[in-house]
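Chains A and B are the protein sequences, given in the same order. Letter 54 of the first sequence, counting from 1, is numbered 56 in my numbering, and no numbers are missing. Letter 70 of the second sequence, counting from 1, is numbered 208 in my numbering, and no numbers are missing. Cβ atoms here follow ideal geometry from the backbone N, Cα and C, with glycine treated the same way. Before any comments, here is the structure.
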Amino acid sequence: MLNVGKIEEGFVLDHIQAGKSLSIYHHLQLDQLDCTVAIIKNARSNKMGKKDILKVECDIDMLDLDVLAFIDHNITVNVIQDGEIVDKKELILPQEIRNIIKCRNPRCITSIEQELPHIFVLTDPKKEIYRCKYCEEKYGERI
Amino acid sequence: MRHLMNPLDFTVEELNQLFDLANDIEKNPEKYAHICAGKKLATCFYEPSTRTRLSFETAMYNLGGTVLGFSDAASSSASKGESVSDTIRIISCYADICAMRHPKEGAPMVAAGKSRIPVINAGDGGHQHPTQTLTDLLTIRSLKGRLSDFTIGLCGDLKFGRTVHSLINALARYENIRFVFISPPELKVPDYITEMLKEKGIAYEEVIRLEDCIAKLDLLYMTRVQRERFFNEEDYVRLKDFYILDKSKMNLAGKDMLVLHPLPRVNEISVEVDTDERAAYFKQVQYGVYVRMALILTLLELAC
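Dropping the structure here:
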């Protein structure tokens, strides 16, 4: 079994759906940070069978929890200090997400208006439905 | 400063005030004939819409104001690639209020975000057409005397018709409304609408034939069933007559049932129905002018 060492400062994203870690890596823009990142794919999990894990050595403020919550609010966010877990962040679906996903409705004004941010609003928290702020098109699938 | 993007932007109470004002305009037009003197309405129509544009223009002229604008994108700076955001910034320097129709959904909302003057959504693609819904509500309230306690049948293309969806959402806020959806299976009202009604505990039923339910309706809202919406010609031929309102079907209806239609009508209401006292679709056009007058006054904060 592969062993990845502890990190001293940073965060561990646990219980990522197997196969989704690279997508999260890109959406959190971790490729733009100059820090150590470990991407663990298909780790064994009692709860999920298989899961992905991301370990990142950087300040917790650099993590966009809203983006993470939108992608999958079941992910566990462990905050690490001096090599120990000091906090677990609860992920709550954000009311609004900006420029994370694009509206796919070809009739939406976002398809032609220059530099218009793509904004989605949480319209049904129970069913986790986001709709485009402009045309109200439902965003069908998660990242 | 307020804008109108969606019929639900106004609370039920605010709508009542708007409709009271519209009814006062109807009774005392001379009182309002000069109230907008010196004010200008910009009609920014990026796609042609004769009735809606003329209704807005008539409303502003009836209030003593003036009108400027364009009636298709080709005669505007959009043809040179100007954004909606830039256009409304320019229009804000010329006019006091703007009515915008645009083929792209959400365009009037983008305009409202950059505008220094009130913006009215005069129709954005298949998305919203709030002044049509306000027209429908005012017509019902004026002719029925209430916006609660009735059974309304909505007939025709209930899947793609934005006026139908907006009207259902707007009426769902009133007490004791019962909906009867009359359409071919291919053009049923979308699930998200029926789910909303279930959640709110609002009664509805879905039927295929107008004859089967017309007797119990207080209101019948007709829409057009377009041939191209059907999967095959055979189904269209089989079902189309179910959705044509004629004298024989009107004979099955109650004596107080009103017939509404957002217009333009093609053949879904036979012209023989036009002389029936229950046909309210041309009165509806007149109420459209009153409600737009009331809306202009309200958004310009000139309502007295």
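Under the three-state DSSP convention, the category residue i falls into
i, result
"GLY21 (chain A)", "coil"
"GLY426 (chain B)", "helix"
"TYR359 (chain B)", "strand"
"ARG416 (chain B)", "coil"
"LEU15 (chain A)", "strand"
"ARG140 (chain B)", "coil"
"VAL222 (chain B)", "helix"
"ARG100 (chain A)", "strand"
"LYS78 (chain A)", "Just to set this straight, residue 78 (chain A) is Thr in the shown sequence, not Lys. In the structure shown, THR78 (chain A) sits in a strand (DSSP, three-state: E or B)."
"MET238 (chain B)", "strand"
"PHE108 (chain B)", "Because chain B in this structure spans residues 139 to 442, residue 108 (chain B) falls outside the shown range and cannot be described."
"LYS52 (chain A)", "strand"
"ARG144 (chain A)", "Its pLDDT being 49, under 50, ARG144 (chain A) is placed unreliably by the model, and nothing is read from it."
"TYR219 (chain A)", "Outside the displayed span of chain A (3 to 145) sits residue 219 (chain A), for which this structure offers no information."
"LEU452 (chain B)", "This structure gives no information on residue 452 (chain B), because the portion of chain B shown stretches from 139 to 442."
"ALA40 (chain A)", "strand"
"ILE9 (chain A)", "coil"
"SER47 (chain A)", "strand"
Opposing strand residues paired with residue i [DSSP bridges]
i, result
"PHE288 (chain B)", "B:ILE315"
"THR204 (chain B)", "B:LYS178"
"TYR342 (chain B)", "B:PHE317"
"ASN259 (chain B)", "B:MET238"
"LYS91 (chain A)", "A:VAL79"
Beta-carbon proximity list for residue i, same chain, < 6 Å, skipping 5 on both sides
i, result
"ILE9 (chain A)", "LYS57, GLU59, ILE82"
"SER47 (chain A)", "LYS53"
"ARG144 (chain A)", "The predicted position of ARG144 (chain A) is uncertain, since its pLDDT is 49 and thus under 50; no value can be drawn from it."
"LYS385 (chain B)", "GLU410"
Integer-rounded CB distance, given that residue j should sit under 8 Å from residue i
i, j, result
"ARG365 (chain B)", "TYR374 (chain B)", "5 Å"
"ALA391 (chain B)", "LEU355 (chain B)", "7 Å"
"PHE122 (chain A)", "ILE62 (chain A)", "With a Cβ gap of about 25 Å, PHE122 (chain A) and ILE62 (chain A) do not count as contacting."
"LEU142 (chain B)", "PRO268 (chain B)", "5 Å"
"ILE87 (chain A)", "HIS29 (chain A)", "ILE87 (chain A) to HIS29 (chain A), Cβ: 23 Å. No contact."
"LEU65 (chain A)", "ILE77 (chain A)", "Between ILE77 (chain A) and LEU65 (chain A) the Cβ distance is about 11 Å, and since that is not below 8 Å, they are no contact."
"SER209 (chain B)", "ARG189 (chain B)", "Actually they are not in contact, since the Cβ atoms of SER209 (chain B) and ARG189 (chain B) sit about 12 Å apart, beyond 8 Å."
"LEU440 (chain B)", "CYS174 (chain B)", "7 Å"
"TYR136 (chain A)", "VAL248 (chain B)", "7 Å"
Min CB distance residue i to chain A below 7 Å
i, result
"VAL375 (chain B)", "no"
"LEU348 (chain B)", "no"
"ALA245 (chain B)", "yes"
"LYS242 (chain B)", "yes"
"GLY426 (chain B)", "no"
"HIS265 (chain B)", "yes"
"TYR222 (chain B)", "Before going further, note that residue 222 (chain B) is Val rather than Tyr in the sequence given. By this cut-off, VAL222 (chain B) is an interface position."
"VAL248 (chain B)", "yes"
"MET143 (chain B)", "no"
Spatial neighbours of residue i in its chain, beta-carbon cut-off 8 Å, leaving aside the 5 residues before and after
i, result
"PRO167 (chain B)", "ASN200"
"PRO323 (chain B)", "ILE346"
"LYS104 (chain A)", "THR112, HIS120"
"VAL39 (chain A)", "TYR27, LEU32, LEU56, LYS57, VAL58, GLU59"
Residue-level contact to chain B via CB, residue i, 7 Å cutoff
i, result
"ILE145 (chain A)", "In this prediction, ILE145 (chain A) has a pLDDT of 48, which is less than 50 and means its spatial position is unreliable; nothing more can be read from the coordinates."
"ILE111 (chain A)", "yes"
"GLU10 (chain A)", "no"
"TYR136 (chain A)", "yes"
"GLN83 (chain A)", "no"
"GLU115 (chain A)", "yes"
Own chain, CB closer than 7 Å to residue i, minus 5 neighbours either side, in chain order
i, result
"GLU349 (chain B)", "LYS387, LEU390"
"ILE163 (chain B)", "TYR170, TYR428, MET431, ALA432"
"ILE382 (chain B)", "ASN405, GLU406, SER408"
"PHE288 (chain B)", "LYS282, ILE315, ASP356, LEU357"
*Compile a chain-ordered list of the residues in the segment 27 to 39 of chain A whose CB is closer than 7 Å to at least one CB of chain E.*
Of the chains in the structure shown, none is chain E; the protein chains are A and B.
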